[in-house]
Amino acid sequence: MPTLTTNKKALADYQVLEKFEAGLVLSGPEVKSVKNSQINLKGSYITIDNKSQVWLIGGHISAYKPAKSSQNSYQADQNRKLLLNKKEIDYLRGKEKEKGLTIIPISVYTKGSLIKLEIGLAKGKKKYDKRESIKKRDVDRQIKRILRGR
Numbered sequence: 431m432p433t434l435t436t437n438k439k440a441l442a443d444y445q446v447l448e449k450f451e452a453g454l455v456l457s458g459p460e461v462k463s464v465k466n467s468q469i470n471l472k473g474s475y476i477t478i479d480n481k482s483q484v485w486l487i488g489g490h491i492s493a494y495k496p497a498k499s500s501q502n503s504y505q506a507d508q509n510r511k512l513l514l515n516k517k518e519i520d521y522l523r524g525k526e527k528e529k530g531l532t533i534i535p536i537s538v539y540t541k542g543s544l545i546k547l548e549i550g551l552a553k554g555k556k557k558y559d560k561r562e563s564i565k566k567r568d569v570d571r572q573i574k575r576i577l578r579g580r
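Numbering (this note's numbering), first residue to last: 431 to 580.
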């Protein structure tokens with residue numbers, strides 16, 4: 431399962447409570463572009479419409495260069511449909527309505543020949559939470575350095 435991209439900004443700004451695996455609906459050239467790691471999840475989020483369809487909003491997939499001639503009207507920032515089980519969609523819809531919870535994309539990876547998107551049910555971090563996680567990460571690094579030196 432090689433990871434193609436991660437949403438580092440989301441992991442810094444949100445505390446992930448639960449993770450889910452979703453399939454992405456892509457066209458042929460988009461699949462090749464994603465497998466070349468030409469996808470950016472920064473600033474993107476997940477929404478569920480009234481027809482119980484899950485959408486990735488704001489995900490940027492660059493056009494595949496060799497197929498440029500057939501993609502004259504290609505939109506890199508278009509909304510993309512996600513594939514989830516009905517139970518998972520209903521669960522996420524209920525949790526999304528709770529105050530302070532949102533659904534964010536975490537990473538894109540391959541599973542066999544399929545492209546999967548890891549999404550997370552997340553709660554926003556406050557400024558002091560962000561500082562605390564940075565401080566904890568720095569302390570862990572220093573401990574590892576000291577232990578490596580022995």
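Cβ atoms here follow ideal geometry from the backbone N, Cα and C, with glycine treated the same way.
Next item on the list: Taking only the alpha-carbon atoms, compute the straight-line gap between residue 472 and residue 530 and give it to the nearest angstrom.
Entry: Taking the straight line joining both Cα atoms gives about 20 Å.
Notebook entry, point to check: Can you name the start and end residues of the alpha helix (DSSP H) that residue 441 belongs to?
Noted result: Run containing residue 441: 438 to 443, per the alpha helix (DSSP H) assignment.
Check: Where does the unbroken alpha helix (DSSP H) through residue 459 begin, and where does it stop?
Finding: Boundaries of the alpha helix (DSSP H) around residue 459: 458 to 465.
Next item on the list: Would you kindly work out how many angstroms separate the C-alpha atoms of residue 543 and residue 579, rounded to a whole number?
Entry: Distance between the alpha carbons of residue 543 and residue 579 is about 42 Å.
Notebook entry, point to check: Can you check whether the CB of residue 514 is closer than 8 Å to the CB of residue 450?
Noted result: Taking 8 Å as the Cβ cut-off, residue 450 and residue 514 qualify as a contacting pair.
Next item on the list: Just list the alpha helix (DSSP H) runs in the region 491 to 566, keeping only unbroken ones of 4 residues or longer that don't cross its boundaries, in chain order.
Entry: If only complete runs of 4 or more residues are kept, the region 491 to 566 shows the alpha helix (DSSP H) at 516 to 526, in order along the chain.
Notebook entry, point to check: Quick one, are the C-beta atoms of residue 550 and residue 564 less than 8 Å apart?
Noted result: In this structure, residue 550 keeps its C-beta atom at 8 Å or more from the C-beta atom of residue 564.
Notebook entry, point to check: Going by the beta-carbon positions, is the gap between residue 476 and residue 485 smaller than 8 Å?
Noted result: Cβ distance < 8 Å, so residue 476 and residue 485 count as in contact.
Next item on the list: Alpha carbon to alpha carbon, how far is residue 457 from residue 503? Give it in angstroms, no decimals.
Entry: In a straight line, the C-alpha of residue 503 is about 13 Å away from that of residue 457.
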